[in-house]
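Read in order, the letters of the sequence shown correspond to residues 62 to 655 in this note's numbering.
See structure below.
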Amino acid sequence: MKRLLFTPLLLITMIIETQAQTKIAFDVSFTEPQAHYVDVKMEVSALNNEYLEVKMPVWTPGSYLIREFARNVEGFTASDENGIILSSTKTTKNAWKIHTPKSKKVKINYRVYAFEISVRTSFVDMSHAFLSPTSIFMYVTGQLKQPATITIHPITAWTQISTGLETLQGKANSFYAPNFDILFDSPIEIGTQDIFEFDAAGVKHEVAMYGGGNYDKERLKRDMTKIVEEETAVFDVNPNKRYVFIVHNYNTSGGGLEHLNSTVLGMSRNSYTDENSYANFLSLVAHEYFHLWNVKRIRPFALGPFDYDNENYTTNLWIAEGFTAYYDNLMIRRTGFYSFEKYLEVLSGVINVIENQPGNRVQPVSEASFDAWIKAYRPNENSRNSTISYYDKGSMIALVLDLEILNATQGKKGLDDVMKALYDEYHIKQNRGYTDAEFKVLAEQVAGLPLDTIYNDYVNDTKQINFAKYFNYVGLQLVDDLATKNTPYLGTTSVVKEGKIIITTIARGSAAWTGGLNVNDEIIGIDENRVNDLDKMIATKKVGQKITLLINRDGLLKNIDATLTRNPTIKFRLVPAESANEAAVALRRKWLKL
Ligand SMILES: [Zn+2]
């Protein structure tokens, strides 16, 4: 109520004054790296308020899950410039309010426990420190636009620091972030990483390899250069001067997280010489690098400026992630790492994944985007029945959009032109996010025709994508190798635990679903025969046959009847159509740079 006494103008002036004066400096050290701790000192100077509130983000942009980073914070204390302890209280799960009656400066100390291996969480041990900034650095409430300096004190054994942050001139191990959005978007790798560099598209690229591995640096330089140049060609411009790849090589690892001028990738350390794994790694490089345009700069309206306290809802992850997933493999094809045949195999693989997932008929991809926070990142045993991946489905919508535009413009335009137009209009010209409607209008302008069918049926509804129509434009067709098969199907997946067959999923609409089998049921017998191999025993039955299963459910034996149905699994192969005319083949060449 007190706030109402201020006139809005006065309030704004006060906020600006506060913001203009405050200085924030972080000092990061590691007194117990073996126990996975990061010691953080945060100094906030030039205060002029009764209280100072600092907060830890609850999530990290690019990974749509509330992770509650404050749960790893301990030992929070605050003192003034003379070392006198200031009283502080936690006001929410991630906020600390410090009483600063006369102090001009506050020194905050806290420790962060960092022992979660992933591309979006911090990890420290004797071998290295990976700082994912949203889980390490606090911000002053309302002051995300303030700059910050970060000084790192590595332990003696660590000799390298890799980050997209600018170094602070004249100071060793010190960095500058012009605001907290950039600080939170700049992971820091500290240790003895193997660093190599290459120039591509006018940008200096640094690759920081942690964890060793059987990679060939010269080959990586050549291949990563090709990807960078092919992707830059889509947009005609590469906005960075410098870009950092932080690669975590673990025993088994994967995944990546995009940032404005850097990325963090996970790789299995001895997989670089396996050609399939190597192509997958290049595809991951292509994916995260494409994000520097799509999502970091061409962004859905809700994704920036970010709210670090709450979920940031968008219906557009099918564009932000799905289109990036489409481009990662397309780039691997265009640069020649995938042959034409291999690329068709990759595409049909994605189609098989979505077409064999019952959730594809249940959850529209726009809804899958919106609910990423509670569904995609928090799957359960029923997820296959109720959800669809906005990566896979989104990439197939990108595909049909690309083919529709290519066909409508006789190959003069394609999805590349939509991406470039989005970048020019919403990043360069307007410097803001695009809305659902704006994306559609722009795509329709490029295509020169309405795209209502794609939106009404495939984005906002769950109708089956008419792949035959779109592939026909480029002289390709899908052949289902299982179309004539009539095999019996129970509709379960299971694992064998201590010799027991335990059900792990039940497919929607299957015999198991209708008959009432449950996840966690143990299958003991079928028709009075002991089951040793469930799949083998089902294969001896017939479609339409009624079977009786003896199960153990929570210690009680039960008989369950189920009527086997035809196995609905689809196994598409994408192949050139014999009837393809010259125009279609020409369009195909243009699309895939054949
Ligand atoms: Zn992505």
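From the three backbone atoms N, C-alpha and C, an ideal C-beta is built for every residue, glycine too.
Residue closest to residue i, alpha-carbon to alpha-carbon, out of the options
i, options, result
"residue 414", "98, 448, 86", "448"
"residue 403", "326, 502, 337, 519", "337"
"residue 180", "320, 491, 303", "320"
"residue 221", "236, 205, 254, 391", "254"
"residue 183", "527, 136, 131, 375", "131"
"residue 322", "619, 408, 314, 356", "356"
"residue 605", "624, 620, 612, 614", "624"
"residue 538", "441, 645, 563, 436", "645"
"residue 104", "210, 125, 162", "210"
"residue 628", "602, 313, 243", "602"
"residue 163", "171, 140, 152, 151", "140"
"residue 557", "551, 530, 573, 596", "596"
"residue 119", "146, 155, 150", "155"
"residue 533", "228, 219, 636", "636"
DSSP state of residue i mapped onto helix, strand, coil
i, result
"residue 146", "strand"
"residue 120", "coil"
"residue 341", "helix"
"residue 62", "The predicted model places residue 62 with a pLDDT of 42, which falls under 50 and marks its position as unreliable; any figure quoted below should be read in that light. It is coil, neither helix nor strand."
"residue 72", "Residue placement at residue 72 is flagged as unreliable, the pLDDT there being 44, under the threshold of 50; a coordinate-derived value is accordingly withheld."
"residue 79", "With a pLDDT of 45 at residue 79, under the threshold of 50, the modelled position of that residue is not reliable, and the figure given next carries that caveat. Of the three classes helix, strand and coil, the one that applies to residue 79 here is helix, per DSSP."
"residue 67", "Low local confidence applies: a pLDDT of 41 at residue 67 is under 50, so the model's placement there is unreliable, and no value is given."
"residue 619", "strand"
"residue 426", "helix"
"residue 300", "coil"
"residue 171", "strand"
"residue 444", "helix"
"residue 637", "strand"
"residue 449", "coil"
"residue 229", "coil"
"residue 140", "strand"
"residue 243", "helix"
"residue 95", "helix"
"residue 279", "helix"
"residue 369", "coil"
"residue 346", "helix"
"residue 537", "strand"
"residue 209", "strand"
"residue 106", "strand"
Start and end residues, alpha helix (DSSP H) containing residue i
i, result
"residue 408", "401-416"
"residue 388", "383-395"
"residue 646", "643-653"
"residue 500", "497-508"
"residue 157", "Unbroken run through residue 157 is the beta strand (DSSP E), 156-160; no alpha helix (DSSP H)."
"residue 192", "Premise fails: residue 192 lies in the beta strand (DSSP E), 189-192, not in any alpha helix (DSSP H)."
"residue 528", "528-534"
"residue 575", "572-576"
Whole-Å CB distance - residue i paired with residue j, under 8 Å assumed
i, j, result
"residue 381", "residue 364", "7 Å"
"residue 189", "residue 89", "Actually they are not in contact, since the Cβ atoms of residue 189 and residue 89 sit about 14 Å apart, beyond 8 Å."
"residue 610", "residue 578", "7 Å"
"residue 424", "residue 523", "7 Å"
"residue 173", "residue 113", "Residue 173 to residue 113, Cβ: 20 Å. No contact."
"residue 94", "residue 187", "6 Å"
"residue 274", "residue 328", "7 Å"
"residue 580", "residue 562", "Actually they are not in contact, since the Cβ atoms of residue 580 and residue 562 sit about 13 Å apart, beyond 8 Å."
Any non-hydrogen atom of ligand 1 closer than 8 Å to residue i Cβ
i, result
"residue 263", "no"
"residue 385", "yes"
"residue 509", "no"
"residue 348", "yes"
"residue 319", "yes"
"residue 352", "yes"
"residue 292", "no"
"residue 356", "yes"
"residue 382", "yes"
"residue 123", "yes"
Endpoints, beta strand (DSSP E) assigned at residue i
i, result
"residue 324", "323-329"
"residue 561", "561-567"
"residue 237", "235-238"
"residue 599", "Unbroken run through residue 599 is the alpha helix (DSSP H), 595-600; no beta strand (DSSP E)."
"residue 477", "Premise fails: residue 477 lies in the alpha helix (DSSP H), 476-483, not in any beta strand (DSSP E)."
"residue 261", "255-261"
"residue 609", "607-614"
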